[in-house]
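Peer 1: Mapping the sequence shown onto numbering that gives the first Met the number 0, position 86 (from 1) lands on 85, and the numbers just tick up by one.
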Amino acid sequence: MATAFSIDNARPDWELISRLNKDLRDSAGLMGRSEARYLVDLYYAIQEQRQRAASQSRTSGDDEPSNVTDWLFDQFRILEGDLKKALAVYADSHIPGIWAQSIHGIGPVIAAGLLAHIDLNPWRCKNGAQNRCTPDAPHPGGSCAYSPVHTAGGVWRFAGQDPTVTWAKGKKRPWNAKLKRLCWIIGDSFCKQRNSPKDFYGKFYEERKLMEQAKNEAGDYADLAAESLRVKNIQDPKLKKTYLSGKLPDGRIELRARRYATKLFLAHYHHVAHVDVFDAPPPAPYAIAHLNHAHYIAPPNF
């Protein structure tokens, strides 16, 4: 005879896993970037499953038992919380992670993701992925070496925040897709938190959006609109009419404003990380160092 599913029967094993997570939590600060990237990816995957379980539980009819779904929701919720705590320990173990969490709208998972994906002094092997060497055992000849990232532009391009970079057909993606997704979450957070008295970057989003809207109305983006018509197969009549008028749609203006705030945050993150890694601030941007431009925004809380 089959045994009916019992949440009480399943709970002891889960509690054992939770205790193991708690015991290992203190060691999370010693994780490498690869393990941290895995845990960040796992966190968002578990979060998605938790949300799906919650939705399934809400939409189940009264005639459908939801014990299993409710139990799964509870397990996903616990695991999501454990992963967040572990990633908080990792983020708190690094100065850039501590700084990132000081920013309103940036939590431990995003901070850990930035630490995991952004390396300002990566090791570059001449063989690429094939027969990859390490700093302790480099290939002979001296062509393998560290490759410092001294400018915020390098971080922007790696994060997919440089709109001039295109992904050519048949070529390797020129940005980090997971970091780009994190940047979208960051921009969305700044947008949502812009009315908070603790906000810093949201006001730059609002100012930029007003500027982008004015430029769009003035026809400054006519070339971009024409290029979009050339390279995209736009079928929606309303959207096509907007491009034909020499303007960008509201959605693209919104994304441009969010990207501006996100890039400012990434520039500040790069500054903090550069000081941490190289014990010196990054070189001043060319416009400030050589063209006497004075519009410099210092990193907050640093």
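Glycine included, C-beta positions come from ideal geometry on N, C-alpha and C. Keep in mind the model is a prediction, meaning the values are calculated, not measured.
With 16 other CB atoms within 10 Å as the buried threshold, where does residue 188 fall?
Peer 2: Here residue 188 refers to the residue found at position 189 when the sequence shown is read from its first residue. Flag for residue 188 reads buried.
Peer 1: Note the first and the last residue of the continuous alpha helix (DSSP H) segment covering residue 225.
Peer 2: Mapped onto the sequence shown, residue 225 falls at position 226. First-last of the alpha helix (DSSP H) with residue 225: 221 to 230.
Peer 1: For residue 87, collect the residues of the same chain with a Cβ closer than 7 Å to its Cβ; drop the 5 residues on either side in sequence, then sort them by chain order.
Peer 2: Residue numbering aside, residue 87 sits at position 88 when the sequence shown is read from its first letter. Answer for residue 87: 107, listed in chain order.
Peer 1: Output the distance between the C-alpha atoms of residue 46 and residue 218, rounded to the nearest integer angstrom.
Peer 2: Mapped onto the sequence shown, residue 46 falls at position 47. Mapped onto the sequence shown, residue 218 falls at position 219. Rounded to whole angstroms, residue 46 to residue 218 spans 42 Å at the Cα level.
Peer 1: Using 8 Å as the Cβ pair cut-off and three pairs as the minimum, do the segment 136 to 145 and the segment 72 to 86 touch?
Peer 2: No, they do not touch.
Peer 1: For residue 133, list the residues DSSP reports as bridge partners.
Peer 2: As a working mapping, residue 133 is identified with position 134 in the sequence shown. Residue 133 pairs with 136.
Peer 1: Per the DSSP calculation, residue 123 is bridged to which residue(s)?
Peer 2: Position 124 of the sequence shown, counted from the start, is the residue given in the question as residue 123. BP columns for residue 123 point to 144.
Peer 1: Of the residues 28, 261, 206, which one's Cα is nearest the Cα of residue 97?
Peer 2: Walking along the sequence shown from the start, residue 97 turns up at place 98. If we check each option's Cα against that of residue 97, 28 comes out closest.
Peer 1: Return helix, strand or coil for residue 108, following the three-state DSSP convention.
Peer 2: In the sequence shown, residue 108 corresponds to position 109, counting from 1. Of the three classes helix, strand and coil, the one that applies to residue 108 here is helix, per DSSP.
Peer 1: I believe residue 303 touches residue 246 by the beta-carbon criterion, under 8 Å. Please report the beta-carbon distance rounded to the nearest angstrom.
Peer 2: Not covered by the structure: residue 303. The range shown for the chain is 0 to 301.
Peer 1: Near residue 301, which residues of its chain fall below 7 Å by C-beta distance, leaving aside the five closest residues on each side in sequence?
Peer 2: Start at 1 with the first residue of the sequence shown, and residue 301 comes out as number 302. The residues are 98, 271.
Peer 1: Suppose the cutoff is 6 Å on Cβ atoms and the five residues either side in sequence are ignored; what does the same chain contact list for residue 256 look like?
Peer 2: As a first step, residue 256 must be located in the sequence shown, where it is residue number 257. Cβ within range, chain order: 204, 207, 208, 211.
Peer 1: Ignoring anything shorter than 4 residues or poking outside the segment 23 to 87, list the alpha helix (DSSP H) runs there in chain order.
Peer 2: Here the runs fully enclosed are 32 to 58.
Peer 1: Using a 10 Å radius around the Cβ and a threshold of 16 neighbouring Cβ atoms, would you call residue 201 buried or exposed?
Peer 2: In the sequence shown, counting from the first residue as 1, residue 201 sits at position 202. The residue in question, residue 201, is buried, as its Cβ has 16 or more Cβ neighbours within 10 Å.
Peer 1: Would you mind working out which of 48, 26, 185, 221 sits nearest residue 261, comparing C-alpha positions?
Peer 2: For the purposes of this step, residue 261 is identified with residue 262 of the sequence shown, where counting begins at 1. Here the closest residue by C-alpha is 185.
Peer 1: If the criterion is Cβ atoms closer than 9 Å, does the pair residue 160 and residue 265 meet it?
Peer 2: Numbered from its first residue, the sequence shown carries residue 160 at position 161. Numbered from its first residue, the sequence shown carries residue 265 at position 266. A contact, by the Cβ cut-off of 9 Å.
Peer 1: Specify the secondary structure class of residue 164 as computed by DSSP and reduced to three states.
Peer 2: As a working mapping, residue 164 is identified with position 165 in the sequence shown. Looking at residue 164 - three-state DSSP - the assignment turns out to be coil, as it is neither helix nor strand.
Peer 1: Enumerate, from N- to C-terminal direction, the unbroken alpha helix (DSSP H) stretches of 4 or more residues contained entirely within the segment 249 to 301.
Peer 2: Here the runs fully enclosed are 249 to 277, 285 to 288.
Peer 1: Would you call the CB atoms of residue 103 and residue 192 closer than 9 Å?
Peer 2: Within the sequence shown, the letter at position 104 stands for residue 103. Within the sequence shown, the letter at position 193 stands for residue 192. Yes, they are a contact pair.
Peer 1: If you draw a straight line from the alpha carbon of residue 237 to that of residue 251, how long is it in whole angstroms?
Peer 2: Numbered from 1 along the sequence shown, position 238 holds the residue referred to as residue 237. Numbered from 1 along the sequence shown, position 252 holds the residue referred to as residue 251. Cα-Cα distance, rounded: 14 Å.
Peer 1: Taking the straight line between their C-alpha atoms, what separation do you get for residue 276 and residue 57?
Peer 2: To locate residue 276, count along the sequence shown from 1; it is residue 277. To locate residue 57, count along the sequence shown from 1; it is residue 58. Computed Cα separation, rounded: 48 Å.
Peer 1: Taking all protein chains shown into account, do 16 or more other C-beta atoms lie within 10 angstroms of the C-beta of residue 109, making it buried, or fewer, making it exposed?
Peer 2: Mapped onto the sequence shown, residue 109 falls at position 110. Looking at its Cβ environment, which holds 16 or more other Cβ atoms inside 10 Å, residue 109 is buried.
Peer 1: Skipping 5 residues on each side, what residues in its chain have a beta carbon closer than 6 Å to that of residue 132?
Peer 2: Walking along the sequence shown from the start, residue 132 turns up at place 133. 124, 138, 143.
Peer 1: To the nearest angstrom, how far is the alpha carbon of residue 78 from that of residue 119?
Peer 2: As a working mapping, residue 78 is identified with position 79 in the sequence shown. As a working mapping, residue 119 is identified with position 120 in the sequence shown. If I take the Cα positions, the gap works out to 31 Å.
Peer 1: Do you know whose CA, among 80, 105, 69, 82, lies nearest residue 190's CA?
Peer 2: Counted from its first residue, the sequence shown places residue 190 at position 191. Ranking 80, 105, 69, 82 by Cα distance to residue 190 puts 105 first.
Peer 1: According to DSSP, simplified to helix, strand and coil, what is residue 200?
Peer 2: Sequence index remark: in the sequence shown, residue 200 carries index 201 (1-based). Of the three classes helix, strand and coil, the one that applies to residue 200 here is coil, per DSSP.
Peer 1: Would you mind working out which of 259, 274, 23, 32 sits nearest residue 115, comparing C-alpha positions?
Peer 2: As a first step, residue 115 must be located in the sequence shown, where it is residue number 116. Here the closest residue by C-alpha is 32.
Peer 1: Count the other CB atoms, across all protein chains shown, that sit within 10 Å of the CB of residue 49; report buried if there are 16 or more and exposed otherwise.
Peer 2: Within the sequence shown, numbered from 1, the residue matching residue 49 stands at position 50. Buried is the call here.
Peer 1: Is residue 98 helix, strand or coil by DSSP?
Peer 2: The residue labelled residue 98 in the question sits at position 99 within the sequence shown. Looking at residue 98 - three-state DSSP - the assignment turns out to be helix.
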